[in-house]
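In our numbering, the protein residues as written are 1342 to 1632.
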Amino acid sequence: MITIYTDGACSGNPGLGGWGAVIIKEDGEESYFSGSQEDTTNNRMEIQAVIEGLENSNSDEEIRIFSDSTYVINTLTKNWKRNANHDLWSKLDDLVKGRNIKWNWVKGHSGDKYNDLADELAVKAIDSKKKVTQNNLTHIDDSGKLKMVDVSEKEISERLAIVQGFVVMKKETLEIIKQGELDKGDIITLARTAGITAAKSTPTLIPLCHTIPLSEIKIEIEFENNLPGLKVTCTTRAEWKTGVEIEAFNGVSIACVTIYDMCKAIDRSAYISEIKLIKKSGGSSGSFVRE
1342 MITIYTDGAC SGNPGLGGWG AVIIKEDGEE SYFSGSQEDT TNNRMEIQAV
1392 IEGLENSNSD EEIRIFSDST YVINTLTKNW KRNANHDLWS KLDDLVKGRN
1442 IKWNWVKGHS GDKYNDLADE LAVKAIDSKK KVTQNNLTHI DDSGKLKMVD
1492 VSEKEISERL AIVQGFVVMK KETLEIIKQG ELDKGDIITL ARTAGITAAK
1542 STPTLIPLCH TIPLSEIKIE IEFENNLPGL KVTCTTRAEW KTGVEIEAFN
1592 GVSIACVTIY DMCKAIDRSA YISEIKLIKK SGGSSGSFVR E
């Protein structure tokens, strides 16, 4: 059985929000997750905390969820009307399907150890975001000179980043790729290989990035008929002291450039679009999820 305690907080309502989740496995092992979002509400952070807790839990085990949010618990157990936050409720519904989950309300600030801890994580996530906002660029020292950030005092934690981008092209070009009839060869395999190589080469390409022992680099390329074009997603993971989003950005960017290079002879109108961070987690600054 897995036990999850969740909490959300908001500095202003709406305002800068934070969420926290504590996951306790049957053997007593504890994991902590937190993150922040700008221009949000307390209710959204309460739902987001539950979503994050479930996303980071084994779906095959029985789960007990504790929250001090009557909004979350009663909506799920007493069918309160969902008048807002439909996007998050839909995501939560998908995570709940087929899982054995028991929902429990716990009184907030009543001395419950793990409820207090979840609250602390949510508040700290807000505070960390405020500090990041207030501070200057991390790669600039007090004298204005470039520097590599000292991470020697940071704790090692599980880092994850997901970055996504698109290569838009003519329908005819996409069909040629689908049929494997491009003169230059297998565009999908080559783009994946290029993206993985780029992610691994990040410290060489970006001067102030640390060398990170990446445990996973995954490049996914999907056909998007509505664009038309290709969607490229890079996922990077590591157990380390600093984030892996730049590695994911490099992976997507070079994979997209490789696709463009392979297509440009038959489609000069092709272009790269909307390379952006989708999700990151790990570290003191908490998680980010693009809505």
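Backbone N, C-alpha and C define an ideal beta-carbon position, used for all residues, glycine too.
Being a predicted model, the structure only gives us computed values, none of them experimental.
### Message
Beta-carbon within less than 7 Å of residue 1396's beta-carbon, same chain only, minus the 5 sequence neighbours each way: which residues are those?
### Response
1436.
### Query
In whole angstroms, what separates the C-alpha of residue 1561 from that of residue 1523?
Their backbone Cα atoms lie some 19 Å apart in a straight line.
### Message
In this structure, how does DSSP classify residue 1604 when only helix, strand and coil are distinguished?
### Response
When secondary structure is reduced to three states using DSSP, residue 1604 falls in the helix class.
### Query
Counting Cβ pairs, one atom from each stretch, are 3 or more of them under 8 Å apart for the segment 1342-1351 and the segment 1595-1612?
No, they do not touch.
### Task
Using only alpha-carbon positions, find the residue among 1630, 1462 and 1552 that is nearest to residue 1588.
The shortest C-alpha to C-alpha distance from residue 1588 to any of 1630, 1462 and 1552 is the one to 1552.
#### Entry: Segment limits, beta strand (DSSP E) that includes residue 1520
Where residue 1520 is concerned, there is no enclosing beta strand (DSSP E), given that its DSSP letter is neither H nor E.
#### Entry: Buried versus exposed call for residue 1633 [16 or more other C-beta atoms within 10 Å across all chains shown]
Past the edges of the chain, shown from 1342 to 1632, lies residue 1633, and the structure says nothing about it.
### Message
Here's the rule: buried if 16 or more other CB atoms are within 10 angstroms of the residue's CB, otherwise exposed. What is residue 1609?
### Response
Its Cβ having fewer than 16 others within 10 Å, residue 1609 is exposed.
### Query
Is it right to say residue 1333 is buried, meaning 16 or more other beta carbons lie within 10 angstroms of its own, or is it exposed?
Nothing about residue 1333 can be reported from this structure: the residues present for the chain run from 1342 to 1632 only.
### Task
Using the Cα positions of residue 1406 and residue 1568, report the straight-line distance between them to the nearest angstrom.
Using only the alpha carbons, I get a separation of about 40 Å.
### Task
Would you mind sorting residue 1360 into buried or exposed? The rule is 16 or more other CB atoms within 10 Å of its CB.
Within 10 angstroms of the beta-carbon of residue 1360 lie 16 or more other beta-carbons, which makes it buried.
### Task
Sort out for me which residues DSSP pairs residue 1445 with in a bridge.
DSSP lists 1407 as partners of residue 1445.
### Task
Give every residue of the same chain whose Cβ lies closer than 6 Å to the Cβ of residue 1460, excluding the five residues on either side of it in the sequence, and list them in chain order.
Apart from the 5 residues on each side of it in sequence, residue 1460 sits with its Cβ closer than 6 Å to the Cβ of 1348 in its chain, given in chain order.
### Task
Can you say whether residue 1580 is buried or exposed, counting buried as having 16 or more other CB atoms within 10 angstroms of its CB?
Exposed, by the Cβ-count rule.
### Query
Using the C-alpha atoms, what's the distance from residue 1387 back to residue 1456?
The alpha-carbon atoms of residue 1456 and residue 1387 are separated by roughly 12 Å.
### Message
Using 7 Å as the threshold, is the C-beta distance between residue 1592 and residue 1532 below it?
### Response
No. Outside cutoff.
### Message
With H, G and I counted as helix, E and B as strand and the rest as coil, what does DSSP make of residue 1581?
### Response
Residue 1581: strand per DSSP, three-state reduction.
### Inter-residue spacing [alpha-carbon to alpha-carbon] between residue 1329 and residue 1543
Nothing about residue 1329 can be read from this structure; the chain reaches only from 1342 to 1632.
### Query
Just the Cα atoms here: how many angstroms apart are residue 1518 and residue 1541?
Residue 1518 and residue 1541 have their alpha carbons spaced roughly 27 Å apart.
### Query
When you compare each of 1559, 1439 and 1494 to residue 1399 by their alpha carbons, which one comes out closest?
Its Cα nearest to that of residue 1399, the residue 1439 stands out among 1559, 1439 and 1494.
### Query
If we ignore side chains and look at the alpha-carbon of each, how far apart do residue 1594 and residue 1616 end up?
The alpha-carbon atoms of residue 1594 and residue 1616 are separated by roughly 7 Å.
### Beta-carbon proximity list for residue 1373, same chain, < 7 Å, skipping 5 on both sides
Excluding sequence neighbours, residue 1373 sits near 1363 and 1462.
### Query
Can you tell me the Cα-Cα spacing of residue 1499 and residue 1413, whole angstroms?
Near 28 Å, if we compare the C-alpha coordinates of residue 1413 and residue 1499.
### Closest Cα partner of residue 1365 within the set 1604, 1605, 1402 and 1490
For the options 1604, 1605, 1402 and 1490, the alpha carbon positioned closest to that of residue 1365 is the one of 1402.
### Message
Can you tell me whether residue 1597 is helix, strand or coil according to DSSP?
### Response
Residue state, collapsed to three classes: helix.
### Message
I believe residue 1613 touches residue 1490 by the beta-carbon criterion, under 8 Å. Please report the beta-carbon distance rounded to the nearest angstrom.
### Response
With a Cβ gap of about 29 Å, residue 1613 and residue 1490 do not count as contacting.
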